[in-house]
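One structure below.
Protein chains: 2
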Amino acid sequence: MDPHLLRTFVAVLDHRSFSGAAAALGYTQSAVSQHIAALEADLGSRLVERRPVAPTPAGARLLEHAPALLLRLDAARADIARLHQTRPTRLTVACSPAALGATVAGALAELRAVTHSLDVEVRVTGRDAVLADVVAGRADLGFVDGAAAPSDPLPMPDLGPMTTLAAAEETLAVLFPRDHPLAERRAVRLSDLTQAQWIDASDTAVPLDRLRAVCRAEGFRPRIRHRGTDLHGLAALTAAGHGLAALPLPVAAALPGIAAVPVSAPRLVHRTELVHPANPTAPARQLVDLLTTRRLAADAGRR
Amino acid sequence: MDPHLLRTFVAVLDHRSFSGAAAALGYTQSAVSQHIAALEADLGSRLVERRPVAPTPAGARLLEHAPALLLRLDAARADIARLHQTRPTRLTVACSPAALGATVAGALAELRAVTHSLDVEVRVTGRDAVLADVVAGRADLGFVDGAAAPSDPLPMPDLGPMTTLAAAEETLAVLFPRDHPLAERRAVRLSDLTQAQWIDASDTAVPLDRLRAVCRAEGFRPRIRHRGTDLHGLAALTAAGHGLAALPLPVAAALPGIAAVPVSAPRLVHRTELVHPANPTAPARQLVDLLTTRRLAADAGRR
DNA sequence: ATTGCGGATAAGCGATCCTGATCGGCGTGC
DNA sequence: GCACGCCGATCAGGATCGCTTATCCGCAAT
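Residue numbers (the working numbering), protein chains in the order written: chain Y, 750 to 1052; chain B, 750 to 1052.
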């Protein structure tokens, strides 16, 4: 199971085409065909159905492993590359949409005030892509958001040695269309909404399986899927009655056309966590330190 | 980064020798030397220090990824192999030492009573090896034990799609030598023992980093290391005053020469979880069903 | 100084992995 | 209905890779 073979395997199923995958990877169609044949010979079972191109059951199994494997391979390479390459004048931050709130933006501002001529790039992507970017070295650090019980960490797939650090906690809110019966409430119980219509916007809002997990309940069935990282588009869908979504209250309150109602039960918060590799680059470490001391100060003030 | 290269890389560092690794892998020493050279050329930095053979900093980074990568590669292969191979007359169960208690043994007995001529093999290994065995298809299912807050799941590294299921919960106990000042107590607070002498027996007893995690405290410094899966040996070490260890109360109470004192705070339990691949073999599914219905019955009885 | 151990290097050969060319099956448009 | 186009399979050939054998080199102990 050569990584190259795995790579063309996922490319083939991504493109639903051998020749398309070949073009994308810079191979000939012949090579791709041979790659798939080699994989199938190695594993002893047909992996992709041809014409139309689709995964067989065995191929579906492999698809659950291959992307994670390839990502971890990149992670290993990036981990080592970080050891020699040092460019302390550039900081790339990957960020899920709802994580880029006042806390993160403020910390970045402080960092730029402290550091002269720091070239900062903020990249807003989906939740999974944040992790992938950090792990593969395309970003120095990342901010991921999600819902969890207070002081519980967010669950992260382990893609190698990395550290997480709570960066911000806000109350969680549900987005309602303005004319919704519950829109005027002061608070809602999430467990009352399991049968409501929800928007599956796992890149932008809190993913539905996460809601299921924190409520320990089934339900939260998606009615429409929203891809991309655009909070306003999500709000527009909710406003038009396509379904509900969960976001941090400060973010939700600022969105037009919708009502944001805090979640009162179960007791949980929206938290954003900073995630960085075990051996971060210099400016990344600086931002981490900054957020840690901030947090310490906040804790001290609370007492 | 060919998996073969990674495999010889970890073998070289395991054996602390090129020629030793070559013998173990069935290569010549020359091939191993070339493998390492190829890896180093690919990653652009020296990975192992020669004479004596030891990992460089970059090599240490790679060592944090390579075993996980190789394991997941095996997992993918095993996942697919499970699809065709079907031998419903044999069941291999991997088990960490403290997990093999009355509940698990009882469930296995029930299964054998129900199923005619089922060839059962129980393999007791360290915690990590249980996961590895299940994931790589060397066992149909596994039982892992650990300490956690009540109804919290044990943290598991994600090595692919698998399912966990709580199999048993027991109170946690600390092993003391009989003449220890605390040996006569009815209960102890774990957080009072952070500075005590502990045995690092991560395969057999609850690992110390797990204790640190559930106590949210540093400490639990190891004074002696115990490898292997032998509970009596661990008890002997404790009896001789080498240090403390944490085990489920029923198991601990049966050990000779020591005193087992329940843990009263923080509120936590020793739990053993069943873990099986997303597509289990037939007898594995049968055991899972058996434990699920048992559990349902127990829950119903409790009400 | 010599010898032995352990890793590096060189040469050679078979296997592997690409490309380009061709074949074959299937759906489509005229 | 037929020819064509699309797409994947297969084949042949050349470059490269990866292993083995043989030899070299540096270090340490005697």
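Where a beta carbon is used, it is the ideal one built from N, C-alpha and C, also for glycine.
- Query: Which residues in chain Y sit within 9 Å of S794/B, going by Cβ to Cβ distance?
  - Reply: Neighbours of S794/B across chain Y, judged by C-beta separation under 9 Å: I829, A830, L832 and H833.
- Query: Between the stretch 899-913 of chain B and chain Y, which residues of the former have CB atoms less than 8 Å from a CB of the latter, in chain order?
  - Reply: Interface annotation for the stretch 899-913 of chain B against chain Y: P906, D907, G909 and P910, criterion Cβ-Cβ distance under 8 Å.
- Item | Cβ-based neighbour list, S866/B, same chain, cut-off 8 Å, excluding 5 preceding and 5 following | Residues T838 of the same chain have their beta carbon placed closer than 8 Å to that of S866/B, with the five preceding and five following residues left out of the count.
- Query: What span of residues does the alpha helix (DSSP H) with A989/Y cover, start to end?
  - Reply: From DSSP, A989/Y is part of no alpha helix (DSSP H); its letter is neither H nor E.
- Query: Taking the continuous beta strand (DSSP E) assigned at T896/Y, which residues delimit it?
  - Reply: The displayed chain sequence assigns Ala, not Thr, to residue 896/Y. Element bounds for A896/Y: L890 to A897.
- Message: I'd like to know whether the C-beta atoms of V1024/Y and T852/Y end up nearer to each other than 7 Å.
- Response: No, these two residues do not count as a Cβ contact at 7 Å.
- Message: I'd like the span of the beta strand (DSSP E) that includes A1009/Y, first residue to last.
- Response: Run containing A1009/Y: I1007 to A1014, per the beta strand (DSSP E) assignment.
- Task: Report all residues from its chain with a CB closer than 6 Å to the CB of A1014/Y; omit the five preceding and five following residues, and keep chain order.
- Result: In its chain, beyond the 5 residues on either side, R938 have a beta carbon closer than 6 Å to the beta carbon of A1014/Y.
- Task: Indicate the three-state DSSP secondary structure (helix, strand or coil) for T864/Y in the structure shown.
- Result: Here T864/Y sits in coil by DSSP.
- Query: Taking the beta strand (DSSP E) that R1020/B falls in, what are its first and last residues?
  - Reply: R1020/B: member of the beta strand (DSSP E) spanning V1018 to P1026, first to last residue.
- Message: To be precise: take each residue of the stretch 798-813 of chain Y, compare its Cβ to all Cβ atoms of chain B, and keep it if any distance is under 7 Å. Which residues remain?
- Response: Near chain B, meaning a CB-to-CB distance below 7 Å, the residues of the stretch 798-813 of chain Y are P806, A807, R810, L811 and E813.
- Message: Would you say A1002/Y lies against chain B (beta-carbon separation less than 7 Å)?
- Response: Not an interface residue.
- In angstroms, rounded to a whole number, what distance separates the CA positions of H975/B and A897/Y? If I take the Cα positions, the gap works out to 37 Å.
- Item | Residue range of the unbroken beta strand (DSSP E) whose run includes D979/Y | In the DSSP assignment, D979/Y falls outside any beta strand (DSSP E) and carries neither an H nor an E.
- Exposed or buried, which one is V1018/B when buried takes at least 16 other CB atoms within 10 Å? When all chains shown are included, V1018/B counts as buried.
- Item | Proximal residues to R810/Y (C-beta, below 6 Å), its chain only, five neighbours per side dropped | So the list is empty, once near-sequence residues are dropped.
- Task: Please go through the same chain and pick out, in chain order, the residues whose beta-carbon is closer than 6 Å to the beta-carbon of A985/Y, but skip the five residues on each side of it.
- Result: Same-chain partners within the cutoff: there are none.
- Any idea if R965/B is buried or exposed, counting beta-carbon neighbours within 10 angstroms, 16 or more meaning buried? So R965/B ends up on the exposed side.
- Query: Which chain B residues sit within Cβ distance under 7 Å of R1034/Y?
  - Reply: None at all; the shortest Cβ gap to chain B is about 17 Å.
- Query: Residues of chain Y with a CB under 9 Å from the CB of P752/B: which are they?
  - Reply: Correct list: M750, D751 and P752.
- Task: List the residues of chain B whose Cβ lies closer than 7 Å to the Cβ of A824/Y, in chain order.
- Result: Going along chain B in sequence order, the residues near A824/Y (Cβ under 7 Å) are H814.
- Query: Hey, is the stretch 939-950 of chain B in contact with the stretch 844-859 of chain Y, meaning 3+ C-beta pairs nearer than 8 Å?
  - Reply: No, they do not touch.
- Name the DSSP bridge partner or partners of V781/B? V781/B pairs with nothing; no bridge assigned.
- Between A1008/Y and the rest of its own chain, which residues show a CB-CB distance below 6 Å, the 5 nearest in sequence each way excluded? Correct list, in chain order: F925, R927 and A932.
- Message: I need the straight-line Cα distance from L921/Y to G968/Y, nearest angstrom please.
- Response: Distance between the alpha carbons of L921/Y and G968/Y is about 19 Å.
- Message: With a threshold of 7 Å between beta-carbons, can L818/B be considered close to chain Y, or not?
- Response: So, interface residue.
- Query: L939/Y by DSSP, collapsed to three states: which one?
  - Reply: L939/Y: helix per DSSP, three-state reduction.
- Item | Cross-chain neighbours of R821/Y in chain B, by beta carbon under 9 Å | Under the 9 Å cutoff, chain B gives H814, A817, L818 and R821.
- Message: Rounded to the nearest angstrom, what separates A807/B and M750/B at their Cα positions?
- Response: Between A807/B and M750/B, the C-alpha separation is close to 14 Å.
- Count the CB pairs spanning the stretch 809-828 of chain Y and the stretch 891-908 of chain Y that are closer than 8 Å, and state whether there are at least three. Of all C-beta pairs linking the stretch 809-828 of chain Y to the stretch 891-908 of chain Y, three or more are shorter than 8 Å, placing the two stretches in contact.
- Query: If you draw a straight line from the alpha carbon of R1052/Y to that of G855/Y, how long is it in whole angstroms?
  - Reply: Residue placement at R1052/Y is flagged as unreliable, the pLDDT there being 47, under the threshold of 50; a coordinate-derived value is accordingly withheld.
- Task: Look up P910/B in the DSSP assignment and say whether it is helix, strand or coil.
- Result: Correct three-state label for P910/B: coil.
- Message: Considering just the uninterrupted stretch of the beta strand (DSSP E) at R839/Y, what are its terminal residues?
- Response: For R839/Y, the enclosing beta strand (DSSP E) covers residues R839 to C844.
- Task: With DSSP as the reference, label V883/Y as helix, strand or coil.
- Result: DSSP places V883/Y in the helix class (H, G or I) of the three-state scheme.
- Taking Cβ to Cβ, would you say E919/Y is nearer than 7 Å to P1005/Y? No, these two residues do not count as a Cβ contact at 7 Å.
- Item | Reduced DSSP secondary structure (H/G/I, E/B, other) of D1038/Y | In the structure shown, D1038/Y sits in a helix (DSSP, three-state: H, G or I).
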